[in-house]
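Q: For reference, the structure I am asking about is given below.
Protein chains: 2
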Amino acid sequence: MTSRINQSTLGQDVPQVNARAKVLGRAQYAGDLKVAGMLHGAVLRSPYPHARIVAIDTSAALALPGVKAVLTGADAPRVMWGVHHKERRILAEGVVRFAGEEVAAVAAASEEIARDALDHIQVEYEELPAILTPEEALDEEAPGVHPGRNNVSHEIRFERGDADAGFASADLVHEATYTTHAQYPGYLEPMATVAALEPNGRLVVWTSTQSVTQARLRLAAALEMPISRIRVHQATTGGGFGGKLVEDANNLIAGLLARKTGKPVRLVNNRLEDFLAAPSSVPERITLKLGMTRAGLIVAKEVRIVADCGAYSGLAAEVMHVSAMRSDNMHRNPNVRSHATLVYTHTPPHGAFRGFGGSQMLFALNSHIHTMAEQLGLDPVAIHKLNAIGAGETSIHGWQIGSTGLKECIDQAIDAIGWEAKRAAPKGTGARRRGVGMAAAMHVSGNRTIGNWDGSTVVVKVNEDGRVFIHSGEADMGQGAMTMLSQVVAHELDIPLDHTHVVPPDTDTSPIAIGSLASRVTIAGGNAAIVAARMARDKLLALAATQLERPVEQLECANGTVRVIADPERSCTLAMLARLHVWRHGGEGLQVSGSWDARTQMHDDQVYGNIAPAYSFAAQAVEVEVDTETGQVTVLDSFVSDDCGKALNPLAIHGQTNGATVQAIGWALYEQLQLEGGRMANGNFADYTMATSDAVPMLRGGIVESNDPNGPYGAKGASETAILPGAPAIANAVYDAIGVRIRDLPITPEKVLAGLRELQGARDA
Amino acid sequence: MTSRINQSTLGQDVPQVNARAKVLGRAQYAGDLKVAGMLHGAVLRSPYPHARIVAIDTSAALALPGVKAVLTGADAPRVMWGVHHKERRILAEGVVRFAGEEVAAVAAASEEIARDALDHIQVEYEELPAILTPEEALDEEAPGVHPGRNNVSHEIRFERGDADAGFASADLVHEATYTTHAQYPGYLEPMATVAALEPNGRLVVWTSTQSVTQARLRLAAALEMPISRIRVHQATTGGGFGGKLVEDANNLIAGLLARKTGKPVRLVNNRLEDFLAAPSSVPERITLKLGMTRAGLIVAKEVRIVADCGAYSGLAAEVMHVSAMRSDNMHRNPNVRSHATLVYTHTPPHGAFRGFGGSQMLFALNSHIHTMAEQLGLDPVAIHKLNAIGAGETSIHGWQIGSTGLKECIDQAIDAIGWEAKRAAPKGTGARRRGVGMAAAMHVSGNRTIGNWDGSTVVVKVNEDGRVFIHSGEADMGQGAMTMLSQVVAHELDIPLDHTHVVPPDTDTSPIAIGSLASRVTIAGGNAAIVAARMARDKLLALAATQLERPVEQLECANGTVRVIADPERSCTLAMLARLHVWRHGGEGLQVSGSWDARTQMHDDQVYGNIAPAYSFAAQAVEVEVDTETGQVTVLDSFVSDDCGKALNPLAIHGQTNGATVQAIGWALYEQLQLEGGRMANGNFADYTMATSDAVPMLRGGIVESNDPNGPYGAKGASETAILPGAPAIANAVYDAIGVRIRDLPITPEKVLAGLRELQGARDA
């Protein structure tokens, strides 16, 4: 009897299927592509945060040998592009609204010539007064950043329950204001596109993107072309973090240059350009008021947010919406009220960023809970657990919690860090003080916001060698979407992982897919892959039944064959069955399409509805050391626990979780976009100080498997949640160490020292 | 009320959908592709028809700057490749069997260096005696071209009815022997491939091919790779005519070079190489014996064929099979006997060619009928019509004739040429004599020979702009497959032709398809396109029913909308419906896959079976002028009538028919591969004299629409049949003009003059 060789890798540590190509330097990122006859693009950007373009003279640039085109706003489509608001031109016309806005674009025979040409474009600006802060923007006298409108881009108000009555019933009410800053996505690969015209005049782009479907939709709208006349290939993508969704103009400008010149055009941001062009996270000023009973039960919550979208709103309204309400669902909140205002300023646009608005509010909320816990003489862990929503419950906003491992995450994280002992221990002597902090978080896995579909389609083709092609439009931006799809299909058909091949997303050939956002790919793409793989399996079994002369119920897929369960020697290879599927009367290639859509609902105009098929949770505990002489904060230890439902590939989850932790440490302690007079002052990796290896301890993490009923094998979105608790855990640990509460991120040495001075002053008084 | 705007182009003259790209020089043929880091390949070929390779020294070639690899047989897989017989190495090892056989291959930084390197490869040959004719090959003493085998590559024998009894009952029995020669396919684009390795190590090739599916299968077998590790893209293909199916080694060598170097490799035949590498048509010596009644009824037919496949048999066995039996089905043949023998010689291989064996036998048969008609005092037209099989009948080999326009084709052609009057008229005076000739032909539309599937699959995607992508693996090699698919889908959905886009064949993304052969694409691909388009239409109508609040039966697709038949103002655009199909609960992209397979049967081992879903017919009449002083034959007029069932695109059919006529004129009068001592003596377009415009009259043609019950809208394969009657029509016209019967193609001036001398000798005697 043949021994069962189970090929499944589910739950095992699996190197990513495209890792080898990347490690060997063979993966083709958009900037690596070389197309015959290719021109090189470069973009001239406004040096002023606000100015009138009086005149542009491109003649000197055009006269440079090798320059093929110089485009200005006059050459770009008149239509505006944008997400909520169509308010942005591909190239500015008449006025520029932030320092860095795209004013002109060049295509030339080399990148050097293209950049030289930028210097020869004569732009006469009339500088105008710039609105650089939300406070200025909200001044009633302030002129509109956009003509004919005030500076409120978007406003959200909702109340559920009775917040005032809740506060009245509370034993403790605490209100404080927190400010968060913009973080640059910091992917290794800047935005890059190669755009070309097909022989039939269609526009084809290879680009670094989180969604080929959305990239095509936006290119079509912005360039005023039918979507069918555009083909978008996802090139290998070196990180996205929200920045490569729909908010940058890179592929629009490349497409415009290709269309104008009729030649392929490569447009790759250098790092400064990418700092200027990429949406950074939305800075929010959050006033949080929380009412609790003496026992720590939350009875009322009020949130006021003023968020800054910069000059163009992009996805910032959606981000702010998340800040305003997502964290309400983590606890059993009976009464909530939110008022959030998004304002325009003459600064580079902000928008989608890993965590999508969760980081901002969870910094406030987790800081707040620690503060109130101390006032109530409680452990903040106890408050989190007391209030934590449970599986099977429906949150205040209608979210149906199918699974939650929040309490387990908290326990795992605090146990790992030595919570109780270290909280009780002395904070150290001398200049260096140690403290521990924790924070809890939740996130969506999928989100019914785009159109009213939150599904995915996967096509599975079983080739005549028994190996399988998987077509999906869901983007792998490094997080492992391709590996996940391969694992699912290989598991369902019981074939080796390397017998699967995921064909990269291409709008001509891939099924429509929303793309990589809202931690949706594993749950939506994974479920669709299960549907498709099982359809393929059914076809294989049906065909095998005729060959093995046994009913389907007596057959199984095992180790690349279909065999009789009770008589495993009696089998057909998948290769043989796939060949038979084609090469017979009535045959056709074995190719099936499986779709899955979340059984969720779009939230209504009262912000009510179960928007995601599953919700992920995480908790983090850290230990920090604060140098009270220098103000320097060092993270000594970190343990983040991720409730991903089921870890399909723990290696990938730990990798993503570690990345999230580093990005959170950066946001909390080091990274801050510095604008001086509205101009980016630190748009490079030397001055914009992301956390480097010396700033990061050996990261630790754990996985909680809460087994979501809607997830593929129980899985939910993994590791995006893990970026959320980092900053408040660090802030809480700093407080634990030195008693200084910092509500204004990042936690710089200056703020630490100022806090210590203030504390000393209070003691001295 | 909206007026009905019917978008269908069926039956209209439509420029090919890819014509503009070709005319503007933008279409990318394989040789046009430039891939970054691409090397250039070149192939060293044997100068001897038969030799032992004593030694190969590649060191001097490898030492040339820019040379990256020099491969010989020792570097090629040990496995043999081929169709019926696996008998050929990618690069010869030990022995070469024809002058032109691939011995070594080079990859270098430029094509010039690669070709220089060929001169530096030192090959020591020991020349061996070569078998250059079938007669030598069949000598019992002859050594085998392939070791351990005699020189009979394949043999076919069958008898149906009682041929001897038939001949005994005949009033007239005539036997004669006809010889036909090899014709080079003569496409404008020689064979070309770019092969590269994907980052994950898969082999990807862009190649000029008639079938990506078959190219992949053969690459996989010859390079010993799983098919899933190979991706074949069809580059724009500049003609195939059977030559770009599975018989040349171009993409195998390119693939081998790419695999060995790890770099992209471009390998483009120059014209001489293409003459050596392409399969030319199979030369056959046909002895035909026909018995007729006094009234011209065919009562018995016996065929003996000796065919030459050259050194490797490729598809020659299938070609000879067609010669041996296909024409039996055109008439009501009661008794037939065939014996066909395919032999190896040390000459360049022969194989598939437009008409696929039909040209050879129909030259004999039509010549024969003219001869016997004269002997019986009948019009050959009358004999054809008397014997012509009718619709609804089953032929002697089991072919079920769903439709035939043969008689109408004959009438159309002879009427156009002025048959009766010109037959009766004086043949001219002086040196220039005129005559008319006609011939009739049949062909398959599809052929159940490969595996047991003769179907096709088409995927139709309706995009959110209401435009449609069509995925098919069927190859457009210039004949118009893409245009046909576009027409069918546009008709079914009633959208403009330019709202369709046919995605070029690609084994990773296209449905499996047999490819362009046996005039199968319109009937198989067209029917599959109907199935898929109607599936898409059903989905659109169902969705529209919910929007328009009418049952599906009351709706129709019209002019890019779905509308209420009785209230045409009430409508939804396809764009709106396609968007709704995705962006709703339970949505997915509107993408359907439709398959169609012929309801036919593989012929049994007695060569019996209805192998094709439809059979196409054609007839041609020509007028020639023979210069009796120079022997030169000039075609003055030609009318070919094509029974294509239904002309989906008459412009394309006339284009193809004209091409077929020119190729037939070339074969009949001008083209002949000249081997001298087994070596190609005229492998270039100066010496291999294809018919040029001065040799071709203003071609005329007509279409007969017999409306086949199995065809899409009645259509059958068009215009391949049209190559078949040309040569015998010309031979018959020459006979009519000067009384010289030439049975040995081509009809050269020398043969005409020799015939005239012989005639004069007979008269003088």
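Chains U and Y supply the protein sequences, listed in that same order.
Under the working numbering, think of the first position of the first sequence as 1, with each following residue one higher.
Under the working numbering, think of the first position of the second sequence as 766, with each following residue one higher.
The beta carbon of each residue, even a glycine, is placed where N, CA and C say it ideally should be.
Here's the rule I'm using: 16 or more other beta-carbon atoms within 10 Å means buried, otherwise exposed. How should G1155/Y be labelled?
A: For the purposes of this step, residue 1155/Y is taken as residue 390 along the second sequence, with counting starting at 1. Per the 10 Å Cβ criterion, exposed.
Q: Roughly how many whole angstroms lie between the Cα atoms of T661/U and A691/U?
A: One-based indexing of the first sequence puts residue 661/U at position 661. One-based indexing of the first sequence puts residue 691/U at position 691. Approximately 10 Å, taken between the alpha carbons.
Q: Report the residue from R88/U, A311/U and F167/U whose alpha carbon sits nearest the alpha carbon of R97/U.
A: The residue you call residue 97/U lines up with position 97 of the first sequence. Measuring from the Cα of R97/U, the nearest candidate turns out to be A311/U.
Q: Please report how far the alpha carbon of S571/U lies from the alpha carbon of P650/U, in whole angstroms.
A: By one-based count along the first sequence, residue 571/U stands at place 571. By one-based count along the first sequence, residue 650/U stands at place 650. In a straight line, the C-alpha of S571/U is about 33 Å away from that of P650/U.
Q: Measuring CA to CA, which of S1275/Y, K1226/Y, M1300/Y and I1288/Y is closest to S228/U?
A: Position 228 of the first sequence, counted from the start, is the residue given in the question as residue 228/U. Of S1275/Y, K1226/Y, M1300/Y and I1288/Y, the residue nearest in Cα terms is K1226/Y.
Q: Quick one: residues in its chain with C-beta nearer than 6 Å to the C-beta of N1217/Y, no 5 flanking neighbours on either side, listed in chain order?
A: Within the second sequence, residue 1217/Y is the residue found at index 452, counting from 1. So the qualifying residues of the chain are M1367.
Q: Secondary structure at G755/Y, three-state DSSP: helix, strand or coil?
A: Within the shown structure, residues of chain Y are numbered from 766 to 1530, placing residue 755/Y beyond reach of any answer.
Q: Using a Cβ-Cβ cut-off of 8 Å (strictly less than) and excluding sequence neighbours within five positions of V977/Y, which residues of its own chain qualify?
A: Taking the first residue of the second sequence as 1, we reach residue 977/Y at position 212. Closer than 8 Å at the Cβ level, and outside the excluded window around V977/Y, lie V997, H998, Q999, G1238, A1240, P1270, D1271, T1272, S1275, A1278 and G1280.
Q: List the residues of chain Y whose Cβ lies closer than 9 Å to the Cβ of K34/U, in chain order.
A: Your numbering for residue 34/U matches position 34 in the first sequence. Within chain Y, the residues near K34/U are K799, V800, A801 and G802.
Q: Going by C-alpha to C-alpha distance, which of G966/Y, G1352/Y, S1046/Y and E1049/Y sits closest to L1305/Y?
A: Translated into positions along the second sequence, residue 1305/Y becomes position 540. For the residues G966/Y, G1352/Y, S1046/Y and E1049/Y, the minimum Cα distance to L1305/Y belongs to G1352/Y.
Q: What residue ranges within the region 343 to 424 of chain U form continuous alpha helix (DSSP H) runs of no fewer than 4 residues, ordered along the chain?
A: List check, alpha helix (DSSP H) in window: 358 to 376, 380 to 387, 406 to 417 and 419 to 424.
Q: Starting from I305/U, follow the beta strand (DSSP E) in both directions and report where the run begins and ends.
A: Walking along the first sequence from the start, residue 305/U turns up at place 305. I305/U -> beta strand (DSSP E) spans I298 to G310.
Q: Can you tell me the Cα-Cα spacing of R88/U and G100/U, whole angstroms?
A: On the first sequence, residue 88/U is found 88 positions in, with the first residue counted as 1. On the first sequence, residue 100/U is found 100 positions in, with the first residue counted as 1. The straight-line gap from Cα to Cα measures roughly 13 Å.
Q: Interface residues of chain Y around N452/U at Cβ under 7 Å?
A: Locating residue 452/U in the first sequence gives position 452, counting from the first residue. Under the 7 Å cutoff, chain Y gives W1348, R1349 and H1350.
Q: Please confirm whether T945/Y and P1044/Y have their CB atoms less than 8 Å apart.
A: Here residue 945/Y is taken as the residue at index 180 of the second sequence, counted from 1. Here residue 1044/Y is taken as the residue at index 279 of the second sequence, counted from 1. No; because the gap between Cβ atoms is not below 8 Å, this pair is not in contact.
Q: CA-CA distance, G1526/Y and L1518/Y?
A: Here residue 1526/Y is taken as the residue at index 761 of the second sequence, counted from 1. Here residue 1518/Y is taken as the residue at index 753 of the second sequence, counted from 1. Distance between the alpha carbons of G1526/Y and L1518/Y: 12 Å.
Q: By the three-class DSSP mapping on this structure, what secondary structure does K1025/Y have?
A: Position 260 of the second sequence, counting from 1, holds the residue named residue 1025/Y. Helix.
Q: Using the beta-carbon count (16 or more within 10 Å), is S1221/Y buried or exposed?
A: The residue you call residue 1221/Y lines up with position 456 of the second sequence. With 16 or more other Cβ atoms within 10 Å, it is buried.
Q: Which runs of the beta strand (DSSP E) spanning at least 3 residues fall entirely within the region 928 to 1012 of chain Y, listed in chain order?
A: 937 to 944, 957 to 962, 968 to 972 and 995 to 999, all fully within the region 928 to 1012 of chain Y.
Q: Can you find at least 3 beta carbon pairs, one from the region 137 to 150 of chain U and one from the region 344 to 359 of chain U, that sit closer than 8 Å?
A: Contact between the region 137 to 150 of chain U and the region 344 to 359 of chain U is present, because at least three Cβ pairs lie under 8 Å.
Q: In chain order, what residues of the region 612 to 624 of chain U put their CB closer than 7 Å to some CB of chain Y?
A: Hits within the stretch: zero.
Q: Report all residues from its chain with a CB closer than 7 Å to the CB of P728/U; omit the five preceding and five following residues, and keep chain order.
A: Your numbering for residue 728/U matches position 728 in the first sequence. Result list for P728/U: L362, F363, N366, S367 and A439, in chain order.
Q: Under DSSP, the alpha helix (DSSP H) around A1206/Y begins and ends at which residues?
A: What you label residue 1206/Y is simply residue 441 of the second sequence in a count that begins at 1. Counting along the chain, A1206/Y falls outside any alpha helix (DSSP H), though it belongs to the beta strand (DSSP E) covering R1197 to S1210.
Q: Among W596/U, A165/U, E758/U and G41/U, whose alpha-carbon lies nearest the alpha-carbon of N251/U?
A: Here residue 251/U corresponds to residue number 251 of the first sequence, with the count starting at 1. Among W596/U, A165/U, E758/U and G41/U, the Cα nearest to that of N251/U belongs to G41/U.
Q: Using a Cβ cut-off of 7 Å, which residues of the region 983 to 997 of chain Y contact any Cβ in chain U, in chain order?
A: Going along the region 983 to 997 of chain Y in chain order, one finds P991, I992 and S993 with a Cβ nearer than 7 Å to chain U.
Q: Quick one: give me the first and last residue of the beta strand (DSSP E) that G1056/Y is part of.
A: Start at 1 with the first residue of the second sequence, and residue 1056/Y comes out as number 291. It spans E1049 to M1057 - the beta strand (DSSP E) in which G1056/Y sits, taken as one unbroken run.
Q: Out of M80/U, Y187/U, A647/U and A664/U, which one is the CA nearest neighbour of V622/U?
A: For the purposes of this step, residue 622/U is identified with residue 622 of the first sequence, where counting begins at 1. It is A664/U whose Cα lies nearest to the Cα of V622/U.
Q: Could you tell me how far apart the beta carbons of A1383/Y and V1405/Y are, in whole angstroms, since I believe they sit closer than 8 Å?
A: By 1-based counting over the second sequence, the position of residue 1383/Y is 618. By 1-based counting over the second sequence, the position of residue 1405/Y is 640. Right, the Cβ-Cβ distance comes to about 6 Å (below 8 Å), so this counts as a contact.
Q: Does the separation of the CB atoms of I1507/Y and K1516/Y fall below 8 Å?
A: As a working mapping, residue 1507/Y is identified with position 742 in the second sequence. As a working mapping, residue 1516/Y is identified with position 751 in the second sequence. The answer is yes: Cβ separation under 8 Å.
Q: Which partner residues of S280/U appear in the DSSP bridge assignment?
A: Indexing the first sequence from 1 puts residue 280/U at position 280. According to DSSP, S280/U bridges with H350/U.
Q: Using the C-alpha atoms, what's the distance from H499/U back to M482/U?
A: Here residue 482/U is taken as the residue at index 482 of the first sequence, counted from 1. Here residue 499/U is taken as the residue at index 499 of the first sequence, counted from 1. Each residue's alpha carbon lies about 13 Å from the other.
Q: With a threshold of 16 other CB atoms inside 10 Å of the CB of M1/U, please say whether the residue is buried or exposed.
A: Your numbering for residue 1/U matches position 1 in the first sequence. Residue placement at M1/U is flagged as unreliable, the pLDDT there being 37, under the threshold of 50; a coordinate-derived value is accordingly withheld.
Q: Are there three or more Cβ pairs, one per stretch, closer than 8 Å when the region 1061 to 1069 of chain Y is compared with the region 1011 to 1029 of chain Y?
A: No: fewer than three Cβ pairs fall under 8 Å.
Q: Let me know the secondary structure DSSP gives K833/Y once reduced to three states.
A: For the purposes of this step, residue 833/Y is identified with residue 68 of the second sequence, where counting begins at 1. In this structure, K833/Y counts as strand in the three-state DSSP scheme.
Q: Using 8 Å as the threshold, is the C-beta distance between V835/Y and A869/Y below it?
A: Looking up residue 835/Y in the second sequence gives position 70. Looking up residue 869/Y in the second sequence gives position 104. Contact flag set, yes.
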